[in-house]
Amino acid sequence: MTTNGTAGTASPDAADVQKELIVFLEAKTNQPIAPDQDIFAEGLATSLFAMELVVHLETVHGIEIEGPDLRLANFSTVEKMVALTLRLKGAGGAESRD
132 MTTNGTAGTA SPDAADVQKE LIVFLEAKTN QPIAPDQDIF AEGLATSLFA MELVVHLETV
192 HGIEIEGPDL RLANFSTVEK MVALTLRLKG AGGAESRD
C-alpha cells in the first residue's frame, strides 16, 4: 500500500517507508544510502541529526517515538528505522525489542 506522506493516511508497507527514508537521507547527506548502511558509524549523521530523524518520522508517518524507542540504535540504518516505523504504526508504541 502506498502513502502520500501525510500523517493519518493508510499504513505504508516496508518498501514505501524505505524509499521515502532513503530519499530523505540522501537529500540531507548528499550521499547514496544503502538500507543496511550505518549512517552514524560512517559519519554521515550525528546524534543531533537523530533528533531531526525522529521529527521527520513522526511528522511523515504519524507516529510517536518516545521512551525506550528513542535509542540511537533504532536510527542507525534505514532498515532499523523502517522496522521501528512499521512497528509503531501497527502496535501503537509497544516497547522496543532491540
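Residue numbers (this note's numbering): 132 to 229.
Each residue gets a CB set at the ideal place from its N, CA and C atoms; glycine is no exception.
Item to complete: Helix, strand or coil for Asn-205, going by three-state DSSP, please let me know.
Response: helix
Since Ser-207 and Ile-153 should fall inside the 8 Å C-beta cutoff, what is the C-beta to C-beta distance between them, to a whole number of angstroms? Rounded, the Cβ-Cβ distance is 14 Å, inconsistent with contact.
TODO: Kindly indicate which three-state DSSP category Gly-136 falls into: helix, strand or coil?
DONE: For Gly-136, the predicted structure reports a pLDDT of 45, less than 50, and the residue's modelled location is therefore unreliable. The matter cannot be settled from this model.
For Gln-149, which residues in the same chain have their Cβ closer than 8 Å to its Cβ, ignoring the five residues on either side in sequence? Pro-166, Val-209, Glu-210, Val-213
Exercise. Pick helix, strand or coil for Glu-173, following the three-state DSSP scheme.
Key: coil
Notebook entry, point to check: Does the Cβ-Cβ distance between Thr-216 and Leu-188 come in under 7 Å?
Noted result: yes
> Using the C-alpha atoms, what's the distance from Phe-155 back to Ile-164?
Replying inline: 10 Å
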